[in-house]
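> Residue numbers (this note's numbering): 293 to 932.
A virtual CB, placed ideally from N, CA and C, is assigned to each residue, including glycine.
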Amino acid sequence: MIVLQVNQLYKSFIADEILSGVKLEVQHRDRVALVGRNGAGKSTLLKIIAGQMSYDSGDIIIPKDVRLGYLEQHAGIDSDLSIWDEMMTIFEPVRQMEKRLRHLEQQMAERYDDDKLLADYDQLQHDFKDAGGYQYEADTRSVLHGMQFFHEDYAKPITSLSGGQRTRLALAKLLLSKPDLLILDEPTNHLDIETLSWLENYLKGYDGAILIVSHDRYFLDQVVSTVYEVSRHKVNKYVGNYSAYLDEKAKNYERDLKTFERQMDEKAKLEAFIQKNIARASTTKMAQSRRKQLERTEWMDSPDGDEKSASFGFTIERQTGNDVLTIDDLAIGYPDKEISRNITMRVYREDRIALVGPNGVGKSTLLKTIVKDLTQFNGTIQYGSNVQIGYYDQEQAKLNSNKSVLQELWDEWPLLNEKDIRSTLGQFLFSGDDVTKAVNSLSGGEKARLALAKLMMQKANVLILDEPTNHLDLDSKEVLENALIDYPGTLLFVSHDRYFINRIATKVVELSNTGAFEYLGDYDYYVEKKLELEEIEAAKLAAQQTNDTVIATPKSTTSTIDKDAKKRERQIRRSIEDLEQKMGALDDTIAQLEEQLCDPDVFSNHEKAFTVQTDLDAQKAAHEELEMQWLELNEELETL
293 MIVLQVNQLY KSFIADEILS GVKLEVQHRD RVALVGRNGA GKSTLLKIIA GQMSYDSGDI
353 IIPKDVRLGY LEQHAGIDSD LSIWDEMMTI FEPVRQMEKR LRHLEQQMAE RYDDDKLLAD
413 YDQLQHDFKD AGGYQYEADT RSVLHGMQFF HEDYAKPITS LSGGQRTRLA LAKLLLSKPD
473 LLILDEPTNH LDIETLSWLE NYLKGYDGAI LIVSHDRYFL DQVVSTVYEV SRHKVNKYVG
533 NYSAYLDEKA KNYERDLKTF ERQMDEKAKL EAFIQKNIAR ASTTKMAQSR RKQLERTEWM
593 DSPDGDEKSA SFGFTIERQT GNDVLTIDDL AIGYPDKEIS RNITMRVYRE DRIALVGPNG
653 VGKSTLLKTI VKDLTQFNGT IQYGSNVQIG YYDQEQAKLN SNKSVLQELW DEWPLLNEKD
713 IRSTLGQFLF SGDDVTKAVN SLSGGEKARL ALAKLMMQKA NVLILDEPTN HLDLDSKEVL
773 ENALIDYPGT LLFVSHDRYF INRIATKVVE LSNTGAFEYL GDYDYYVEKK LELEEIEAAK
833 LAAQQTNDTV IATPKSTTST IDKDAKKRER QIRRSIEDLE QKMGALDDTI AQLEEQLCDP
893 DVFSNHEKAF TVQTDLDAQK AAHEELEMQW LELNEELETL
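1) Using a Cβ distance threshold of 8 Å, determine whether the region 441-453 contacts the region 418-431, with at least three qualifying pairs required.
2) In this structure, does DSSP put K690 in helix, strand or coil?
3) CA-CA distance, A835 and Q921?
4) Of the choices L538, R524, E609, T576, whose alpha-carbon is the least far from that of T518?
5) Answer yes if the region 770-785 comes into contact with the region 638-654, meaning at least three C-beta pairs across the two stretches below 8 Å, and no otherwise.
6) For a test of the three-state rule: what should DSSP assign to K496, helix, strand or coil?
7) Give the DSSP-derived three-state secondary structure of S304 in the structure shown.
8) Grab the span of the beta strand (DSSP E) containing L825 for me, first residue to last.
9) By alpha-carbon positions, which one of K561, A602, I662 ends up nearest to G625?
10) Go ahead and label A281 buried or exposed: buried means 16 or more other beta carbons lie within 10 angstroms of its beta carbon, across all protein chains shown.
11) Using DSSP with H/G/I as helix, E/B as strand and the rest coil, what is N481?
12) How far does the beta strand (DSSP E) with Y626 in it reach, from first residue to last?
13) Go through the region 751-779 residue by residue and report every complete run of the beta strand (DSSP E) that reaches 3 residues or more, in order.
14) Count Cβ pairs between the region 522-534 and the region 376-392 that sit closer than 8 Å; are there 3 or more?
15) State buried or exposed for A571, treating a residue as buried only when at least 16 other CB atoms are found within 10 Å of its CB.
16) For the region 655-673 and the region 614-623, state whether three or more C-beta atom pairs, one from each stretch, are separated by less than 8 Å.
17) Let's see if you can read the secondary structure: which residues bound the beta strand (DSSP E) around I645?
18) By Cβ distance below 6 Å, which residues in the same chain neighbour V516 in space, the five residues on each side in sequence not counted?
19) Grab the span of the alpha helix (DSSP H) containing V435 for me, first residue to last.
20) Please return the same chain residues whose Cβ sits closer than 6 Å to the Cβ of K695, not counting the five positions on each side in sequence.
21) Can you give me the C-alpha to C-alpha distance between Q668 and I882, rounded to a whole angstrom?
22) Tell whether a beta-carbon distance below 8 Å holds between A307 and G368.
23) Give me, in chain order, the residues of the same chain whose beta-carbon lies closer than 6 Å to that of I504; leave out the 5 immediate sequence neighbours on both sides.
24) Which residues bound the beta strand (DSSP E) around E364?
25) Mind reading off the beta-carbon distance from L742 to L707? Whole number of angstroms is fine, and I expect it under 8 Å.
26) Can you give the beta carbon distance from I382 to S523, rounded, assuming they're within the 8 Å contact cut?
27) Is it right to say K660 is buried, meaning 16 or more other beta carbons lie within 10 angstroms of its own, or is it exposed?
28) So who's on the other strand from T575, going by DSSP bridges?
29) Could you tell me which residues DSSP puts in a beta bridge with I475?
30) Rounded to a whole number of angstroms, what is the C-alpha to C-alpha distance between Q319 and A501?
31) Within 10 angstroms of the Cβ of L757, are there 16 or more other Cβ atoms? Answer buried if so, exposed if not.
32) For P355, name the three-state secondary structure that DSSP assigns.
33) Just the C-alpha distance for E563 and D593, rounded to the nearest angstrom, thanks.
34) Can you tell me whether R458 is buried or exposed? The criterion is at least 16 other CB atoms within 10 Å of its CB, across all chains shown.
35) Going by DSSP in three states, G605 sits in which element: helix, strand or coil?
36) Put N805 into one of helix, strand or coil per three-state DSSP.
Right under this line is the structure:
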């Protein structure tokens, strides 16, 4: 079923054409991405589809019964309610049905033989169940937990939340409303890696259609199955995830480039023939015929178009010693609050270290402490010989002056001439009138490029980068990655862009409130190794719970091996029987708890429902652990 159809859509701002002849289609359960450079018109197209912006001509067809939900960039909830009460506003119709059920139950207690009353109650109970009445509170807790809002946060007033928290809460509310077409504009902003992973899994199982703008390539690869590229006012469709889109686009570019070059050769020959023969009486008719052919032919535009890419690289003036940073037992935070302690790290020359961890754990704080923007609480930071640090601040707090872009750069390097400053700015796509713009009027992407230009000019041998890919479009991210890959110095950076981490990092340091743990590899290795360590810990815990012991005996004769194998087989069979009994008992407990959740006295009481749900989750987790042990023992039994 088609939930959205866009046909021949045109949109201009005064004389500037933004979208031209756009065609787009979304069907039920489609996962569609809109990609393109900053300023290409992606957000404009989403706003038009969501009915928040007008368009010049064309058709947007959305069936009447399709509910549309839209989350724009930097959206946040502005409400005087608490977090929980705000989420409950979504389910007001269901809660009214619940009140009606309670009222009918009171009437039934007095008029138990009223058949009409019983029939009304049965029908209402059926409608209540279909509307998710028995699970809406559990769904709310699940989504809030995924967005990093926990039970102790539920009573907090929304007015006390930060901008990033309000954005996450707006996303949680939209997900809970479950529209048929979910439109998300940069939903991965303000999300840490753990929350991103949760959102990916949630969207994979989402029952409706999704139309999404994102610059997170890892996220797009995991979620989407169709990509529409917005480029040069047009929209082109590619089937597959983001990586498939890149492959197909590269093939199309090579094909179009060959066709374009062939056409240009043909055009040049026609023009040369016309110029050479138009003045001769004997050949003028042939030249005029070629001229008509030249004018009638629709010559192909260059596949490169007029879209320019930034082009820059990072160099150093001199190399550091082998030891760049030595951090021991460091405690960090702000004057009124300690955030993290016991941080010990070693940074060596040409390391590429990604710093990861949940929001609020102190990643940016650690970087600011290293560059001496913040004072450390305890511990030591030793800087190696010849260390010269270049720092990229994700907040771009220092880029707020009234100076022009040109003057901002020139004031820091006054000995350079204007031509060299303009040339540097040109590498970062500042040309013509762009260099006269006031710094405080720049967009997020423009400020990011200006900050990178200043960083390049420093020629520092250690780069400390805090979310360097924020505000950059996909093309600029790729240019930055290539520049950092070729950089001969040392890198320490914070990023939530997992694709970026995979391309750049050779080490991943996970920061927590109680220290730092190092993984020798990229992001995928970090995830794999962390999962492996968690499984080892779970196996140790399971072994303690079941008191399984594996007795290792020396291998000697065949008969001894057979006896040992039979003995181990008996042990395994006893363990399997024991596990099956425990799983059976847990199955009964789980069934009882699920019945309790359906009890009106429980699900209507938040505290009771939360207690039962917590117990249910714990029992299910224990069942899963036992099930894994049961599977492992059965596999071992098959090999004996």
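Taking the geometry as given:
1) In this structure the region 441-453 does not lie against the region 418-431, because fewer than three pairs of beta carbons, one per stretch, are closer than 8 Å.
2) Reduced to three states, the DSSP call for K690 is coil.
3) A835 and Q921: Cα-Cα distance of roughly 9 Å.
4) In this structure, L538 is the residue among L538, R524, E609, T576 with its C-alpha nearest to the C-alpha of T518.
5) The region 638-654 makes contact with the region 770-785: 3 or more CB pairs, one atom from each, lie closer than 8 Å.
6) It is helical.
7) Residue state, collapsed to three classes: strand.
8) If you look at L825, you'll find it isn't in any beta strand (DSSP E); it sits in the alpha helix (DSSP H) that goes 815-838.
9) When each option's Cα is compared against that of G625, the closest is I662.
10) The requested residue 281 does not occur in the structure, where the chain is confined to residues 293 to 932.
11) Correct three-state label for N481: coil.
12) 615-626 is the span of the beta strand (DSSP E), which, as asked, contains Y626.
13) DSSP runs (the beta strand (DSSP E)) wholly in the region 751-779: 754-758.
14) Here the region 522-534 does not lie against the region 376-392, with fewer than 3 beta-carbon pairs under 8 Å apart.
15) Counting of Cβ neighbours within 10 angstroms places A571 among the exposed residues, the total staying below 16.
16) Yes, the region 655-673 touches the region 614-623.
17) Run containing I645: 644-648, per the beta strand (DSSP E) assignment.
18) The answer, listed in chain order, is R323, A325, N533.
19) Segment 428-438, the alpha helix (DSSP H) holding V435.
20) Close CB contacts of K695 within its chain, under the 6 Å cut and outside five residues either way in sequence, are with V731 (chain order).
21) For the pair Q668 and I882, the Cα-to-Cα distance works out to about 49 Å.
22) Going by beta carbons, A307 and G368 fall outside the 8 Å limit.
23) Closer than 6 Å at the Cβ level, and outside the excluded window around I504, lie A325, L476.
24) Careful: E364 lies outside any beta strand (DSSP E) and carries neither H nor E.
25) Actually they do not touch by this definition, with Cβ atoms about 20 Å apart.
26) About 37 Å; that fails the 8 Å criterion.
27) Label assigned to K660: buried.
28) Per DSSP, T575 has no beta-bridge partner at all.
29) According to DSSP, I475 bridges with Y362, L503.
30) The C-alpha of Q319 lies about 7 Å from the C-alpha of A501.
31) So L757 ends up on the buried side.
32) In the structure shown, P355 sits in coil (DSSP, three-state: anything other than H, G, I, E or B).
33) About 17 Å.
34) When all chains shown are included, R458 counts as buried.
35) Looking at G605 - three-state DSSP - the assignment turns out to be coil, as it is neither helix nor strand.
36) Reduced to three states, the DSSP call for N805 is coil.
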